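**Q** Letter 158 of the sequence shown, counting from 1, is numbered 1258 in the working numbering, and no numbers are missing.
Even for Gly, the Cβ is constructed at its ideal location relative to N, Cα and C.
This one's a predicted model, so the numbers in the text were calculated from it and none came from an experiment.
Below are the structure tokens for one structure; questions will follow.
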Amino acid sequence: MDTLPLYISLVFGITLLTSIVLFYKASYSSKIVLAVLFFWIIVQSFISNFGFYKSENTIPPRFALLLFPPLTLIVILFITKKGKAFIDALNIKTLTLLHVIRIPVELVLLWLFMHKAVPELMTFEGRNFDILSGISAPIVYYFTFVKKKINYTILLIWNFICLALVLNIAINAVLSLPTKFQQFAFDQPNVALLEFPFTLLPAVLVPIVIFSHLVSIRQLLHYKILKNSSF
């Protein structure tokens, strides 16, 4: 990992920053959102910098500390009154455009594979088709919110499909880690996501992407219910 070209970390860092800016914008510049995101990034950066996630034989795997806190927060937001109010106030237009970050993420994963830091199955040459979400995001945004040629039903379907794509690669990535639960890629395991800065992919970027889809799906389903009840 020490021999990785600087441009890989640089592109990843710019992508991370872009995702934060877009999510911050979607929250209508909520300082609480920004504070939570930066606190989590600082904590995970500090921990991963000391090689905490490199231990392979722990039960449960230390990697779980990257995933479960943000996923738990997502669940809390969806089941609490204040959480639902926050979710329903987010800007679905910006959340749709946010998914363009998945293009540089896929490029970073491809470069990491070329340097034997992740398995091929995590790239678009393997089992990862998530780049299609990134490519289609600005197109869907433009024709839905600018030209208004795509109705909300199609946008809803797109969100479900793209959510499935990110969950697919997330599951494959976890099962490719060099832990007791590894199922894939024994010849070239997923070691990059155990080291800084790439630990921030599962800790920050993936939860933001998943949350953005879930928020959009909730808002679109709520819109359809209100629309149907008006007849």
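(1) What is the DSSP secondary structure of residue 1215, counted as helix, strand or coil?
(2) How many Å lie between residue 1180 and residue 1173 at the Cα?
(3) Out of 1154, 1138, 1106, 1163, point me to the one whose CA is closest to residue 1270's CA.
(4) Just the C-alpha distance for residue 1323 and residue 1233, rounded to the nearest angstrom, thanks.
(5) What does the alpha-carbon distance come out to for the pair residue 1130 and residue 1124?
(6) So which of 1314, 1223, 1182, 1301 has the shortest CA-CA distance to residue 1117?
(7) Using the rule of at least 16 other Cβ atoms within 10 Å of the residue's Cβ for burial, across every protein chain shown, is residue 1326 buried or exposed?
(8) For the stretch 1302 to 1316 against the stretch 1139 to 1146, are there 3 or more C-beta pairs whose distance is under 8 Å?
(9) Should residue 1217 go down as buried or exposed, given a rule of 16 or more other Cβ atoms within 10 Å for buried?
(10) Rounding to the nearest angstrom, what Cα-Cα distance links residue 1122 and residue 1313 in this structure?
(11) Residues in its own chain within less than 7 Å of residue 1318 by CB, not counting five upstream and five downstream?
(12) Would you kindly report the start and end of the unbroken alpha helix (DSSP H) that includes residue 1274?
(13) Quick check: residue 1222 and residue 1273, are their CB atoms within less than 9 Å of each other?
(14) For residue 1225, which three-state DSSP category applies?
(15) Let me know if residue 1230 comes out buried or exposed under the rule of 16 or more other beta-carbons within 10 Å of its beta-carbon.
(16) I'd like to know if the stretch 1106 to 1116 and the stretch 1187 to 1207 are in contact, where contact means that at least 3 CB-CB pairs between them fall below 8 Å.
(17) Excluding five sequence neighbours on each side, which residues of the same chain lie with their C-beta closer than 6 Å to the C-beta of residue 1148?
**A** On the basis of the supplied data:
(1) Note: residue 1215 maps to coil in three-state DSSP.
(2) Approximately 11 Å between the Cα atoms of the pair.
(3) Proximity to residue 1270 across 1154, 1138, 1106, 1163 peaks at 1163, based on C-alpha coordinates.
(4) The alpha-carbon separation between residue 1323 and residue 1233 amounts to approximately 23 Å.
(5) Each residue's Cα considered, the two are about 6 Å apart.
(6) Checked all of 1314, 1223, 1182, 1301; the closest Cα to residue 1117 is 1301.
(7) With a pLDDT of 47 at residue 1326, under the threshold of 50, the modelled position of this residue cannot be trusted; read the value that follows with caution. Counting Cβ neighbours within 10 Å, residue 1326 comes out exposed, since fewer than 16 surround it.
(8) Contact annotation: the stretch 1302 to 1316 touches the stretch 1139 to 1146, with at least three C-beta pairs closer than 8 Å.
(9) In this structure residue 1217 is buried. Its beta-carbon is surrounded by 16 or more other beta-carbon atoms within 10 angstroms.
(10) Straight-line Cα distance between these residues: approximately 14 Å.
(11) The answer, listed in chain order, is 1187.
(12) Boundaries of the alpha helix (DSSP H) around residue 1274: 1252 to 1274.
(13) Between residue 1222 and residue 1273, the gap from beta carbon to beta carbon is short of 9 Å.
(14) Looking at residue 1225 - three-state DSSP - the assignment turns out to be coil, as it is neither helix nor strand.
(15) Burial check for residue 1230: the Cβ neighbour count within 10 Å reaches 16 or more, so the residue is buried.
(16) Touching, yes.
(17) The answer, listed in chain order, is 1296, 1299.
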